[in-house]
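Asker: Quick note on numbering: the sequence shown equals residues -20 to -1, 1 to 370 in mature numbering (1 follows the signal peptide of the UniProt record, and there is no 0).
We put the beta carbon where it would ideally sit given N, CA and C, even for glycine.
Since this is a predicted model, take the numbers as computed values, not measurements.
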Amino acid sequence: MVHLLSNLLVGLTLARSALGATLLVSHFSGPVYTLSLTTSGTTRKLSIASQTSGCGTTPAWLEYYNDTKTAYCFDESWTGSGVITQYSVGSDGRLTQSGQTRTSGNTVHGKMYGGSDGKGFIATAQYSPSTITTYKLPLGQGQVQLEKFTMSQRGPNPRQDVPHPHETQLDPTGKFMLVPDLGADLIRIFKIDASTGRLTSCPAGQASAGDGPRHAKWWKSADGVLRLYTLNELGNSVSSWNVVYPTDSNGCLALGRAQTLSTYAPGKKGGPTTKAAEIRVAGNFLYASNRADQTFGSNQDSIAIYTIDPQTGALAWQDAANSYSYYPRTFDINKDGTLVAFGGQTSSNVAIVSRDPATGKLGNLVANLQVGNKGRAGEEDGLSAVVWVE
(Lines of atoms letter the chains of each structure in order from A and count residues from 1; the text may use other names and numbers.)
(Lines give C-alpha, C1' and ligand atoms only; values in the text may rest on other atoms or scores of the structure.)
Protein backbone atom coordinates (compact mmCIF):
# COMPACT_ATOMS: atom_id res chain seq x y z
CA MET A 1 0.00 0.00 0.00
CA VAL A 2 2.84 2.41 0.91
CA HIS A 3 4.58 1.59 -2.37
CA LEU A 4 1.37 2.24 -4.35
CA LEU A 5 0.83 5.54 -2.55
CA SER A 6 4.43 6.59 -3.26
CA ASN A 7 3.98 5.82 -6.97
CA LEU A 8 0.72 7.79 -7.02
CA LEU A 9 2.34 10.82 -5.40
CA VAL A 10 5.26 10.69 -7.83
CA GLY A 11 2.83 10.47 -10.73
CA LEU A 12 0.80 13.45 -9.50
CA THR A 13 3.96 15.50 -8.98
CA LEU A 14 5.23 14.52 -12.43
CA ALA A 15 1.98 15.66 -14.04
CA ARG A 16 2.04 18.96 -12.13
CA SER A 17 5.68 19.58 -13.06
CA ALA A 18 5.16 18.78 -16.71
CA LEU A 19 2.18 21.09 -17.13
CA GLY A 20 3.47 24.34 -18.58
CA ALA A 21 7.15 23.63 -17.88
CA THR A 22 9.74 25.72 -19.73
CA LEU A 23 13.34 25.05 -20.73
CA LEU A 24 16.12 27.05 -22.36
CA VAL A 25 18.38 25.39 -24.91
CA SER A 26 21.46 26.65 -26.75
CA HIS A 27 22.87 25.29 -30.00
CA PHE A 28 26.45 25.53 -31.21
CA SER A 29 25.23 26.99 -34.52
CA GLY A 30 24.03 30.19 -32.83
CA PRO A 31 20.34 30.07 -31.78
CA VAL A 32 19.02 30.00 -28.22
CA TYR A 33 15.61 28.34 -27.91
CA THR A 34 12.73 28.41 -25.46
CA LEU A 35 11.00 25.01 -25.21
CA SER A 36 7.56 24.31 -23.77
CA LEU A 37 6.59 21.01 -22.16
CA THR A 38 2.80 20.64 -22.02
CA THR A 39 0.37 17.93 -20.97
CA SER A 40 -2.90 16.95 -22.59
CA GLY A 41 -4.51 13.99 -20.86
CA THR A 42 -1.80 11.34 -20.65
CA THR A 43 0.22 12.81 -23.53
CA ARG A 44 3.15 15.12 -22.95
CA LYS A 45 4.55 17.23 -25.76
CA LEU A 46 7.80 19.15 -26.06
CA SER A 47 7.85 21.97 -28.61
CA ILE A 48 9.82 25.07 -29.59
CA ALA A 49 8.00 28.13 -28.25
CA SER A 50 10.46 30.73 -29.53
CA GLN A 51 14.06 31.26 -30.54
CA THR A 52 16.49 34.14 -30.56
CA SER A 53 20.06 35.06 -31.46
CA GLY A 54 22.65 37.34 -29.90
CA CYS A 55 24.99 34.85 -28.21
CA GLY A 56 27.69 35.08 -30.86
CA THR A 57 28.59 32.35 -33.30
CA THR A 58 29.06 29.40 -30.90
CA PRO A 59 26.85 29.44 -27.80
CA ALA A 60 28.37 26.88 -25.43
CA TRP A 61 26.76 27.34 -22.01
CA LEU A 62 23.69 28.77 -20.25
CA GLU A 63 23.34 29.91 -16.64
CA TYR A 64 19.82 30.75 -15.42
CA TYR A 65 19.01 32.71 -12.22
CA ASN A 66 15.38 32.29 -11.22
CA ASP A 67 15.31 35.06 -8.60
CA THR A 68 15.98 37.71 -11.24
CA LYS A 69 14.56 35.78 -14.23
CA THR A 70 17.89 36.30 -15.97
CA ALA A 71 19.93 33.99 -18.22
CA TYR A 72 23.56 34.38 -19.28
CA CYS A 73 24.84 32.77 -22.47
CA PHE A 74 28.56 32.20 -23.10
CA ASP A 75 30.03 32.15 -26.61
CA GLU A 76 32.84 29.65 -27.31
CA SER A 77 33.83 31.33 -30.58
CA TRP A 78 37.32 30.25 -31.68
CA THR A 79 37.91 33.33 -33.88
CA GLY A 80 39.58 35.39 -31.13
CA SER A 81 36.44 37.35 -30.27
CA GLY A 82 33.24 36.29 -28.55
CA VAL A 83 30.45 37.58 -26.31
CA ILE A 84 28.67 37.08 -23.02
CA THR A 85 25.00 37.88 -23.49
CA GLN A 86 22.42 38.57 -20.80
CA TYR A 87 18.73 37.81 -21.44
CA SER A 88 15.63 38.71 -19.47
CA VAL A 89 13.30 35.70 -19.32
CA GLY A 90 9.61 36.51 -19.71
CA SER A 91 6.74 34.72 -18.01
CA ASP A 92 6.32 32.66 -21.18
CA GLY A 93 10.05 31.90 -21.35
CA ARG A 94 10.67 34.28 -24.23
CA LEU A 95 14.17 35.80 -24.17
CA THR A 96 14.90 39.51 -24.51
CA GLN A 97 18.52 40.62 -24.75
CA SER A 98 19.30 42.97 -21.86
CA GLY A 99 23.09 43.18 -21.86
CA GLN A 100 26.27 42.09 -23.60
CA THR A 101 30.04 42.39 -23.47
CA ARG A 102 32.82 41.37 -25.82
CA THR A 103 35.28 38.64 -24.83
CA SER A 104 38.39 37.06 -26.30
CA GLY A 105 36.34 33.97 -27.14
CA ASN A 106 36.71 30.27 -26.25
CA THR A 107 34.57 30.73 -23.11
CA VAL A 108 33.05 27.42 -21.96
CA HIS A 109 31.42 28.41 -18.67
CA GLY A 110 30.56 31.33 -16.40
CA LYS A 111 29.15 32.08 -12.94
CA MET A 112 28.01 35.19 -11.02
CA TYR A 113 29.69 36.04 -7.71
CA GLY A 114 30.66 38.84 -5.33
CA GLY A 115 29.17 42.24 -4.69
CA SER A 116 26.76 42.87 -1.84
CA ASP A 117 24.25 40.33 -3.16
CA GLY A 118 26.36 37.75 -5.00
CA LYS A 119 25.56 39.39 -8.32
CA GLY A 120 28.33 41.96 -8.63
CA PHE A 121 30.63 40.14 -11.05
CA ILE A 122 30.83 37.20 -13.41
CA ALA A 123 33.75 34.76 -13.76
CA THR A 124 34.35 32.82 -16.97
CA ALA A 125 36.61 29.94 -18.04
CA GLN A 126 38.47 29.85 -21.37
CA TYR A 127 39.49 26.34 -22.36
CA SER A 128 42.29 26.70 -24.91
CA PRO A 129 43.82 30.02 -23.79
CA SER A 130 44.19 28.48 -20.29
CA THR A 131 42.58 31.51 -18.64
CA ILE A 132 39.78 32.66 -16.41
CA THR A 133 38.40 36.17 -16.86
CA THR A 134 36.16 38.24 -14.60
CA TYR A 135 33.83 41.10 -15.50
CA LYS A 136 31.89 43.68 -13.53
CA LEU A 137 28.09 43.51 -13.71
CA PRO A 138 25.94 44.72 -15.31
CA LEU A 139 27.74 43.72 -18.49
CA GLY A 140 29.50 46.46 -20.40
CA GLN A 141 31.58 47.86 -17.53
CA GLY A 142 34.73 46.06 -18.59
CA GLN A 143 37.07 43.33 -17.49
CA VAL A 144 38.20 43.10 -13.86
CA GLN A 145 40.86 40.39 -13.95
CA LEU A 146 42.57 37.92 -16.27
CA GLU A 147 44.40 34.90 -14.86
CA LYS A 148 46.51 32.72 -17.18
CA PHE A 149 47.58 29.26 -16.04
CA THR A 150 50.72 27.33 -16.92
CA MET A 151 52.14 23.92 -16.03
CA SER A 152 55.67 22.59 -16.05
CA GLN A 153 55.01 19.37 -18.00
CA ARG A 154 52.32 17.66 -20.02
CA GLY A 155 49.84 15.29 -18.42
CA PRO A 156 49.51 11.57 -19.26
CA ASN A 157 46.54 12.13 -21.59
CA PRO A 158 47.31 13.62 -25.06
CA ARG A 159 44.69 16.32 -24.39
CA GLN A 160 46.64 17.51 -21.34
CA ASP A 161 49.07 19.64 -23.32
CA VAL A 162 48.33 22.85 -21.39
CA PRO A 163 45.95 23.82 -18.58
CA HIS A 164 42.32 23.65 -19.68
CA PRO A 165 40.00 25.36 -17.17
CA HIS A 166 36.47 24.10 -17.84
CA GLU A 167 34.19 25.69 -15.24
CA THR A 168 33.92 28.47 -12.66
CA GLN A 169 32.06 27.07 -9.63
CA LEU A 170 31.09 29.09 -6.55
CA ASP A 171 31.29 27.50 -3.09
CA PRO A 172 28.16 27.52 -0.85
CA THR A 173 29.41 30.49 1.20
CA GLY A 174 30.11 32.63 -1.85
CA LYS A 175 33.63 33.33 -0.56
CA PHE A 176 35.60 31.00 -2.85
CA MET A 177 35.67 30.24 -6.56
CA LEU A 178 36.67 26.77 -7.78
CA VAL A 179 37.94 26.01 -11.28
CA PRO A 180 38.23 22.38 -12.46
CA ASP A 181 41.26 22.24 -14.77
CA LEU A 182 41.09 19.33 -17.21
CA GLY A 183 44.61 19.86 -18.51
CA ALA A 184 46.44 20.22 -15.20
CA ASP A 185 44.47 17.68 -13.11
CA LEU A 186 43.68 20.36 -10.54
CA ILE A 187 40.71 21.91 -8.80
CA ARG A 188 41.99 25.47 -8.64
CA ILE A 189 40.77 27.49 -5.66
CA PHE A 190 40.46 31.27 -5.40
CA LYS A 191 39.51 33.50 -2.49
CA ILE A 192 36.97 36.17 -3.47
CA ASP A 193 37.13 39.85 -2.59
CA ALA A 194 33.41 40.55 -2.76
CA SER A 195 33.78 44.32 -3.03
CA THR A 196 36.33 44.46 -5.86
CA GLY A 197 35.67 41.11 -7.54
CA ARG A 198 39.36 40.25 -7.38
CA LEU A 199 40.32 36.57 -7.05
CA THR A 200 43.37 35.49 -5.04
CA SER A 201 44.88 32.08 -5.74
CA CYS A 202 44.92 29.41 -3.01
CA PRO A 203 46.59 25.97 -3.00
CA ALA A 204 44.72 23.74 -5.46
CA GLY A 205 43.10 20.36 -4.93
CA GLN A 206 45.09 17.64 -6.69
CA ALA A 207 43.22 15.12 -8.85
CA SER A 208 44.76 11.84 -9.98
CA ALA A 209 47.00 11.95 -13.04
CA GLY A 210 44.92 11.75 -16.19
CA ASP A 211 41.57 12.36 -14.48
CA GLY A 212 40.89 15.59 -16.35
CA PRO A 213 38.33 17.22 -13.99
CA ARG A 214 35.63 19.06 -15.95
CA HIS A 215 32.69 20.08 -13.72
CA ALA A 216 31.82 20.10 -10.01
CA LYS A 217 28.75 20.09 -7.74
CA TRP A 218 28.22 20.50 -3.99
CA TRP A 219 26.28 18.36 -1.49
CA LYS A 220 25.50 18.99 2.18
CA SER A 221 24.11 16.53 4.72
CA ALA A 222 21.35 17.31 7.21
CA ASP A 223 24.08 17.49 9.87
CA GLY A 224 26.17 19.95 7.89
CA VAL A 225 28.75 17.61 6.31
CA LEU A 226 29.88 19.26 3.07
CA ARG A 227 31.25 17.40 0.05
CA LEU A 228 32.43 18.45 -3.37
CA TYR A 229 31.93 16.03 -6.26
CA THR A 230 33.79 16.38 -9.54
CA LEU A 231 33.21 14.87 -12.96
CA ASN A 232 36.46 13.66 -14.53
CA GLU A 233 36.10 13.75 -18.31
CA LEU A 234 39.33 12.00 -19.28
CA GLY A 235 39.24 9.40 -16.51
CA ASN A 236 35.53 8.59 -17.04
CA SER A 237 35.04 8.90 -13.30
CA VAL A 238 33.65 10.98 -10.46
CA SER A 239 35.53 12.04 -7.32
CA SER A 240 34.41 12.97 -3.82
CA TRP A 241 36.38 15.64 -1.95
CA ASN A 242 36.62 16.49 1.74
CA VAL A 243 36.20 20.22 2.29
CA VAL A 244 37.97 22.18 5.04
CA TYR A 245 37.21 25.86 5.62
CA PRO A 246 39.75 28.25 7.15
CA THR A 247 39.49 29.25 10.80
CA ASP A 248 40.15 32.93 10.01
CA SER A 249 39.06 35.35 7.30
CA ASN A 250 42.50 35.39 5.67
CA GLY A 251 42.73 31.65 5.11
CA CYS A 252 41.86 29.43 2.16
CA LEU A 253 39.40 26.65 1.57
CA ALA A 254 41.20 23.31 1.21
CA LEU A 255 40.23 20.14 -0.65
CA GLY A 256 41.32 16.55 -0.06
CA ARG A 257 40.33 13.84 -2.50
CA ALA A 258 38.52 11.05 -0.65
CA GLN A 259 37.13 8.74 -3.32
CA THR A 260 37.04 8.14 -7.08
CA LEU A 261 34.57 5.85 -8.83
CA SER A 262 34.18 4.96 -12.50
CA THR A 263 31.19 6.21 -14.48
CA TYR A 264 30.65 2.56 -15.39
CA ALA A 265 29.54 -0.37 -13.26
CA PRO A 266 32.23 -2.34 -11.41
CA GLY A 267 34.04 -4.57 -13.87
CA LYS A 268 33.07 -2.46 -16.87
CA LYS A 269 34.72 0.49 -18.58
CA GLY A 270 34.15 2.89 -21.44
CA GLY A 271 35.57 2.58 -24.92
CA PRO A 272 38.34 4.54 -26.65
CA THR A 273 36.08 7.46 -27.58
CA THR A 274 33.89 7.71 -24.46
CA LYS A 275 34.07 10.91 -22.43
CA ALA A 276 32.22 11.78 -19.23
CA ALA A 277 30.49 15.14 -19.56
CA GLU A 278 28.21 16.49 -16.84
CA ILE A 279 27.36 15.99 -13.18
CA ARG A 280 24.25 16.75 -11.09
CA VAL A 281 23.20 16.21 -7.47
CA ALA A 282 19.57 15.70 -6.40
CA GLY A 283 18.88 14.75 -2.79
CA ASN A 284 21.19 11.89 -1.84
CA PHE A 285 21.90 10.88 -5.43
CA LEU A 286 24.63 11.83 -7.89
CA TYR A 287 24.31 11.60 -11.68
CA ALA A 288 27.01 11.68 -14.36
CA SER A 289 26.61 11.51 -18.13
CA ASN A 290 28.72 9.42 -20.49
CA ARG A 291 29.26 10.39 -24.12
CA ALA A 292 29.61 7.96 -27.03
CA ASP A 293 29.23 4.68 -25.11
CA GLN A 294 25.92 3.69 -26.78
CA THR A 295 25.20 1.39 -23.84
CA PHE A 296 21.46 1.32 -24.59
CA GLY A 297 21.69 0.87 -28.34
CA SER A 298 22.56 2.97 -31.35
CA ASN A 299 23.01 6.63 -30.37
CA GLN A 300 21.70 6.09 -26.82
CA ASP A 301 24.33 6.83 -24.20
CA SER A 302 24.26 6.10 -20.48
CA ILE A 303 23.82 8.05 -17.27
CA ALA A 304 25.65 6.78 -14.19
CA ILE A 305 23.69 6.92 -10.92
CA TYR A 306 25.29 6.81 -7.46
CA THR A 307 23.85 6.85 -3.97
CA ILE A 308 25.25 9.38 -1.49
CA ASP A 309 25.58 8.20 2.11
CA PRO A 310 23.37 10.66 4.04
CA GLN A 311 25.83 10.90 6.94
CA THR A 312 29.26 10.80 5.31
CA GLY A 313 28.69 11.77 1.68
CA ALA A 314 30.43 8.61 0.46
CA LEU A 315 29.45 7.46 -3.01
CA ALA A 316 28.30 4.00 -4.08
CA TRP A 317 27.39 2.78 -7.56
CA GLN A 318 23.66 2.27 -8.05
CA ASP A 319 22.81 1.83 -11.72
CA ALA A 320 23.18 2.98 -15.32
CA ALA A 321 20.19 4.52 -17.09
CA ASN A 322 19.31 5.49 -20.64
CA SER A 323 19.76 9.16 -21.54
CA TYR A 324 17.75 8.66 -24.74
CA SER A 325 20.35 10.82 -26.47
CA TYR A 326 23.72 10.64 -28.16
CA TYR A 327 26.60 12.59 -26.64
CA PRO A 328 24.68 13.96 -23.62
CA ARG A 329 26.88 16.98 -23.02
CA THR A 330 24.34 18.61 -20.74
CA PHE A 331 21.42 17.68 -18.48
CA ASP A 332 19.34 19.29 -15.76
CA ILE A 333 16.97 18.02 -13.05
CA ASN A 334 13.80 19.96 -12.33
CA LYS A 335 13.09 21.44 -8.91
CA ASP A 336 10.63 18.70 -7.91
CA GLY A 337 13.20 16.08 -8.85
CA THR A 338 10.66 14.24 -11.00
CA LEU A 339 11.99 15.06 -14.47
CA VAL A 340 15.43 15.10 -16.06
CA ALA A 341 16.11 16.99 -19.30
CA PHE A 342 18.98 15.46 -21.28
CA GLY A 343 20.63 17.45 -24.05
CA GLY A 344 22.18 15.20 -26.67
CA GLN A 345 24.90 17.19 -28.38
CA THR A 346 25.40 15.04 -31.48
CA SER A 347 21.76 13.88 -31.68
CA SER A 348 20.77 17.52 -30.99
CA ASN A 349 17.71 16.42 -29.04
CA VAL A 350 16.18 17.21 -25.68
CA ALA A 351 14.89 14.06 -23.98
CA ILE A 352 12.66 14.41 -20.92
CA VAL A 353 12.94 11.36 -18.66
CA SER A 354 10.94 10.58 -15.51
CA ARG A 355 12.74 10.30 -12.16
CA ASP A 356 11.68 8.81 -8.82
CA PRO A 357 12.88 11.22 -6.07
CA ALA A 358 12.69 8.47 -3.43
CA THR A 359 14.87 5.91 -5.18
CA GLY A 360 16.82 8.21 -7.49
CA LYS A 361 16.13 5.89 -10.40
CA LEU A 362 15.33 7.14 -13.88
CA GLY A 363 12.32 5.82 -15.76
CA ASN A 364 10.62 6.18 -19.09
CA LEU A 365 11.02 8.73 -21.85
CA VAL A 366 8.32 11.37 -21.26
CA ALA A 367 8.91 13.59 -24.31
CA ASN A 368 11.55 14.10 -26.97
CA LEU A 369 12.37 16.82 -29.51
CA GLN A 370 15.14 17.44 -32.00
CA VAL A 371 16.34 21.03 -31.70
CA GLY A 372 18.35 22.43 -34.61
CA ASN A 373 20.65 20.44 -36.85
CA LYS A 374 22.34 17.29 -35.59
CA GLY A 375 26.05 17.44 -34.81
CA ARG A 376 28.97 15.26 -35.81
CA ALA A 377 30.40 12.77 -33.34
CA GLY A 378 33.34 14.26 -31.46
CA GLU A 379 32.93 17.74 -32.97
CA GLU A 380 31.90 21.04 -31.38
CA ASP A 381 28.50 21.27 -33.03
CA GLY A 382 24.93 20.29 -32.25
CA LEU A 383 23.11 21.11 -29.01
CA SER A 384 25.27 22.69 -26.28
CA ALA A 385 23.19 23.34 -23.13
CA VAL A 386 19.74 22.81 -21.56
CA VAL A 387 18.31 24.26 -18.36
CA TRP A 388 14.89 24.30 -16.66
CA VAL A 389 13.30 27.73 -16.13
CA GLU A 390 12.09 27.52 -12.53
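Would you tell me roughly how many angstroms separate the C-alpha atoms of Met92 and Tyr225, rounded to the nearest one?
Answerer: Roughly 21 Å separates the two Cα atoms.
Asker: List in chain order: all unbroken beta strand (DSSP E) runs of 3+ residues lying wholly within the stretch 26 to 96.
Answerer: Runs of the beta strand (DSSP E) inside the stretch 26 to 96: 39 to 45, 50 to 55, 62 to 69, 75 to 83, 87 to 93.
Asker: Helix, strand or coil: which one does DSSP assign to Ala257?
Answerer: Correct three-state label for Ala257: strand.
Asker: Which residues in the same chain as Ala202 place their Cβ atom closer than 8 Å to its Cβ, once the five residues preceding and following it in sequence are excluded?
Answerer: Pro290
Asker: Could you tell me how far apart the beta carbons of Asn270 and Thr243 are, in whole angstroms, since I believe they sit closer than 8 Å?
Answerer: 5 Å
Asker: Quick check on Asn314: buried or exposed, where buried means 16 or more other Cβ atoms within 10 Å of its Cβ?
Answerer: buried
Asker: Since Val69 contacts Lys99 with CB under 8 Å, what's their CB separation in whole angstroms?
Answerer: Val69 to Lys99, Cβ: 15 Å. No contact.
Asker: CA-CA distance, Val134 and Asp141?
Answerer: Here the sequence assigns Arg to residue 134, which means Val is not the residue at that position. Those two C-alpha atoms are separated by around 5 Å.
Asker: So is Ser181 in contact with chain B if we call contact Cβ pairs under 8 Å?
Answerer: Any reference to chain B falls outside this structure, which holds one protein chain only.
Asker: Let me know the secondary structure DSSP gives Gly135 once reduced to three states.
Answerer: If DSSP states are grouped into helix, strand and coil, Gly135 belongs with coil.
Asker: Looking only at C-alpha atoms, which of Phe276, Gln325, Lys197, Thr292 sits nearest to Lys354?
Answerer: Gln325
Asker: Using DSSP with H/G/I as helix, E/B as strand and the rest coil, what is Leu214?
Answerer: In this structure, Leu214 counts as coil in the three-state DSSP scheme.
Asker: So what's Ala(-3) in DSSP terms, helix, strand or just coil?
Answerer: Because the pLDDT of Ala(-3) is 39, which lies under 50, any placement of that residue in the model is unreliable, and the question is left without a value.
Asker: With DSSP as the reference, label Gly(-10) as helix, strand or coil.
Answerer: Low confidence applies here, because Gly(-10) scores a pLDDT of 44, under 50, leaving its location unreliable and the question unanswered by this model.
Asker: Quick check on the DSSP output: the beta strand (DSSP E) that includes Cys182 runs from which residue to which?
Answerer: 179 to 186
Asker: Enumerate, from N- to C-terminal direction, the unbroken alpha helix (DSSP H) stretches of 4 or more residues contained entirely within the stretch 134 to 169.
Answerer: none
Asker: What does the alpha-carbon distance come out to for the pair Pro145 and Asp173?
Answerer: 21 Å
Asker: Quick check on the DSSP output: the beta strand (DSSP E) that includes Pro193 runs from which residue to which?
Answerer: Looking at the DSSP string, the run of the beta strand (DSSP E) that includes Pro193 is 193 to 200.
Asker: Using the C-alpha atoms, what's the distance from Leu208 back to Gly293?
Answerer: 9 Å
Asker: Given Arg(-5), which residues of its chain have a CB within under 7 Å of its CB, disregarding the five upstream and five downstream residues?
Answerer: The predicted position of Arg(-5) is uncertain, since its pLDDT is 43 and thus under 50; no value can be drawn from it.
Asker: In three-state terms, what does DSSP make of Gly352?
Answerer: coil
Asker: Return yes when the C-beta of Gln325 is under 7 Å from any heavy atom of the ligand ADP, and no when it is not.
Answerer: Absence of the ligand ADP is noted for the structure shown, with no ligands found whatsoever.
Asker: Distance, Cα to Cα, Ser132 vs Asp273?
Answerer: 33 Å
Asker: Can you grab the Cα-Cα spacing for the pair Thr2 / Leu211, in whole Å?
Answerer: 27 Å
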